[in-house]
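Enquirer: Could you have a look at this structure, given as structure tokens, before my questions?
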Amino acid sequence: MLRELAAENIRNLHAFSVAPDERMNLIVGENASGKTSFLEAVYILSRARSFRTSRLNEVINTAANSAWVSGKLYEQESGKSTRLGLARTHGHTRFHINGQAIRNAATAAQHLPVKVIHPESHRLLTGGPGFRRAFIDWGCFYQDENFYPTWVRFQKLLNQRNAALKQRADSRVMNGIEREFCESAERLSRIRSKYIEVLRHGFASLSTLWPVDAEWELDYRRGWSSERDLRELLLAEREYARRQGYTLVGPQRADLVIKTNGERIVSRFSRGQIKRATVAFELAQIEIFEQGTGRRPVLLVDDMPSELDANARELLMHIFSSASRQCFITASTSNELRMSDDAEHCVFHVEHGRIRKML
Ligand SMILES: Nc1ncnc2c1ncn2[C@@H]1O[C@H](COP(=O)(O)OP(=O)(O)O)[C@@H](O)[C@H]1O
Ligand SMILES: [Mg+2]
Numbered sequence: 009m010l011r012e013l014a015a016e017n018i019r020n021l022h023a024f025s026v027a028p029d030e031r032m033n034l035i036v037g038e039n040a041s042g043k044t045s046f047l048e049a050v051y052i053l054s055r056a057r058s059f060r061t062s063r064l065n066e067v068i069n070t071a072a073n074s075a076w077v078s079g080k081l082y083e084q085e086s087g088k089s090t091r092l093g094l095a096r097t098h099g100h101t102r103f104h105i106n107g108q109a110i111r112n113a114a115t116a117a118q119h120l121p122v123k124v125i126h127p128e129s130h131r132l133l134t135g136g137p138g139f140r141r142a143f144i145d146w147g148c149f150y151q152d153e154n155f156y157p158t159w160v161r162f163q164k165l166l167n168q169r170n171a172a173l174k175q176r177a178d179s180r181v182m183n184g185i186e187r188e189f190c191e192s193a194e195r196l197s198r199i200r201s202k203y204i205e206v207l208r209h210g211f212a213s214l215s216t217l218w219p220v221d222a223e224w225e226l227d228y229r230r231g232w233s234s235e236r237d238l239r240e241l242l243l244a245e246r247e248y249a250r251r252q253g254y255t256l257v258g259p260q261r262a263d264l265v266i267k268t269n270g271e272r273i274v275s276r277f278s279r280g281q282i283k284r285a286t287v288a289f290e291l292a293q294i295e296i297f298e299q300g301t302g303r304r305p306v307l308l309v310d311d312m313p314s315e316l317d318a319n320a321r322e323l324l325m326h327i328f329s330s331a332s333r334q335c336f337i338t339a340s341t342s343n344e345l346r347m348s349d350d351a352e353h354c355v356f357h358v359e360h361g362r363i364r365k366m367l
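Using the working numbering, read the sequence shown as starting at 9 and increasing by one per residue.
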């Protein structure tokens with residue numbers, strides 16, 4: 009959990025340093041006061057990127073050319089404290105853990121697992137396959153220690169093959185790259201499909217917690233035909249892929265087709281149901297994470313009221329406040345986030361970029 013959070017030059021937020029509650033943190037304030045930016049600061053500390061934009065530079069205050077976020081983490085399970093810091097200057101990101109520079113962002117994500125539910129989260133169900141791959145890969149990252157090195161290796165081979173296609177490399181070179189590409193693709197795909205199995209079970213047990221009136225089917229597509237050998241497919245697509253300039257088969261094209269009662273949910277569900285289903289997916293993933301690792305992720309929920317109807321909201325608040333997870337939830341007023349009076353929580357008020365702790 010986050011014991012301290014400090015940042016400077018994150019969007020409109022003035023430099024701040026706060027001590028969040030171990031459990032519930034409600035962030036309230038008018039439109040454009042800086043609530044989402046506050047959640048972004050937490051997310052950036054874990055992932056070195058934002059959930060709102062793919063360009064981290066956009067998050068830096070327009071009047072500045074650098075920004076930083078730092079946090080003190082405390083892990084209940086191990087009793088360990090860690091100080092994590094991230095600075096972004098002139099297009100470069102630097103990470104520190106306990107004062108030592110670290111090379112990759114994965115280490116920070118390992119220290120600070122973060123899950124976010126925000127107004128665009130429904131893209132998990134309504135958007136392109138990339139959203140679902142990101143979802144699966146989040147789960148795999150924490151579930152299987154081999155996932156990250158496998159993923160990095162695969163990305164490298166994919167880039168190599170794409171570059172070789174563009175350079176019209178000869179078949180000896182192509183064969184060499186493709187052999188390694190396939191090995192790596194199979195490995196990556198096995199980890200993903202194992203995770204989907206876990207997700208199927210996790211989802212079934214969740215239905216009591218979060219009733220969604222449907223039979224779920226999760227149909228994992230690994231990115232190439234289940235009957236064909238990837239090596240053969242790569243060879244067969246070479247000429248076509250050369251013209252396109254990139255590789256058309258492999259785990260970079262994986263997807264998860266989500267159906268209820270045999271139909272794709274995007275075509276069956278109303279917007280409200282989609283939102284609810286999205287939350288069910290996120291909750292299933294959180295539960296799996298907790299069971300698999302014995303740890304708890306930090307939860308960020310942006311604009312909770314606009315996301316769900318009153319019943320669903322209440323249920324979600326109950327789920328969040330009953331387990332010992334640390335949550336940061338934004339809303340325009342605290343009335344929208346009903347907490348039972350005895351539930352331990354903190355309220356932060358954000359006004360024109362200034363954050364004040366209320367209680
Ligand atoms: N890079 C930036 N520098 C300065 N201000 C920014 C930057 N990016 C966004 N803003 C402004 O920050 C304000 C707060 O945004 P946001 O955190 O989304 O508010 P809220 O979630 O409270 O509605 C908005 O007025 C937005 O225009
Ligand atoms: Mg907002």
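Every residue gets a Cβ at the ideal spot worked out from N, C-alpha and C, and that includes glycine.
What you are looking at is a predicted structure, and each value in this text was computed from that prediction instead of being measured.
Is it true that the stretch 82-97 meets the stretch 18-25, where meeting means three or more beta-carbon pairs spaced less than 8 Å apart?
Expert: no
Enquirer: For R279, is the classification buried or exposed, using 16 other Cβ atoms within 10 angstroms of its Cβ as the cut-off for buried?
Expert: Residue burial is scored here from C-beta neighbours: R279 has fewer than 16 other C-beta atoms within 10 angstroms and is therefore classed as exposed.
Enquirer: May I ask you to verify whether the stretch 136-148 touches the stretch 165-172, counting CB pairs closer than 8 Å and requiring at least 3?
Expert: Judged by Cβ distances under 8 Å, the stretch 136-148 makes no contact with the stretch 165-172, as fewer than three pairs qualify.
Enquirer: Is the beta carbon of S78 less than 9 Å from the beta carbon of R91?
Expert: yes
Enquirer: For S74, which of helix, strand or coil comes out of DSSP?
Expert: Note: S74 maps to strand in three-state DSSP.
Enquirer: Start and end of the beta strand (DSSP E) containing L13?
Expert: 10-16
Enquirer: Closer than 5 Å is what we want: which residues have a beta carbon that near any heavy atom of ligand 1? List them in chain order.
Expert: R19, N20, N39, A40, S41, G42, K43, T44, S45, N69, T70
Enquirer: In or out: N65 buried (at least 16 other Cβ within 10 Å) or exposed?
Expert: exposed
Enquirer: Could you check what DSSP says for E160 in three-state terms: helix, strand or coil?
Expert: Per the sequence shown, residue 160 should be read as Val rather than Glu. If DSSP states are grouped into helix, strand and coil, V160 belongs with the helices.
Enquirer: Would you mind working out which of R111, N106, G107 sits nearest H100, comparing C-alpha positions?
Expert: R111
Enquirer: When you compare the CB positions of R208 and L196, do they come within less than 9 Å of one another, or not?
Expert: no
Enquirer: Counting C-beta neighbours from all protein chains within 10 Å, is the total for D317 16 or more, i.e. buried, or is it exposed?
Expert: By the neighbour-count rule (16 or more Cβ atoms within 10 Å), D317 is not buried but exposed.
Enquirer: DSSP has C354 in a bridge; who is on the other side?
Expert: C354 pairs with N33.
Enquirer: Looking at R239 and R187, is the spacing between their C-beta atoms short of 9 Å?
Expert: Going by beta carbons, R187 and R239 fall inside the 9 Å limit.
Enquirer: Could you give the C-beta distance for V355 and L34, rounded to a whole number, given that I count them as a contact under 8 Å?
Expert: 5 Å
Enquirer: CB D263 to CB I125, shorter than 9 Å?
Expert: No, they are not a contact pair.
Enquirer: How many angstroms separate the CA atom of E235 from the CA atom of R321?
Expert: In this model, E235 and R321 are separated by some 44 Å (Cα to Cα).
Enquirer: Do you know offhand how far E12's Cα is from S89's?
Expert: 11 Å
Enquirer: If you drop the 5 nearest sequence neighbours on each side, which residues of the same chain put their C-beta closer than 7 Å to that of P127?
Expert: D310, D311, S314, E315
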